Amino acid sequence: FRWCPRADCSSGQIHDTGRDGPIFTCVKCRTKLCLFHETAWHEAETCEEFDHRMKKSKRKLNESFSSRRIGTEKKPC
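So in the numbering used here, the last spot in the sequence shown is 1156, and the numbers never skip.
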């Protein structure tokens, strides 16, 4: 059984992962949720593709943060 994740929806339902996989679609408001990632459903992407994109995005963010940090903390020779 899953409750709809939307704050303004009070619906809940039994989710059959064998038939529907990780996609939860609320029967009342039609909100889609990925049960594997506990986030909004990633349209046109498998869970594996979503993971790959998130890892790339996180790596870019970390590299950007590191570059800015190095730029403010380095000392001239």
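Glycine included, every Cβ here is placed at the ideal spot set by N, Cα and C. These numbers were taken from a predicted model, which means no experiment stands behind them.
The three-state reading of DSSP puts L1140 in helix, counting H, G and I together. With a 10 Å radius around the Cβ and a threshold of 16 neighbouring Cβ atoms, C1108 comes out exposed. Cβ-Cβ distances below 7 Å link W1120 to I1102, K1111, L1112 and C1113 in the same chain, with the five nearest sequence neighbours on each side left out; the list follows chain order. Take E1142, set aside five residues on each side of it, and no residue of its chain has a beta-carbon closer than 6 Å to its own.
Counting only residues of its own chain and dropping the five nearest sequence neighbours on each side, W1082 has a CB closer than 6 Å to the CB of G1091.
Straight-line spacing of the CA atoms in C1105 and S1146 works out to 43 Å.
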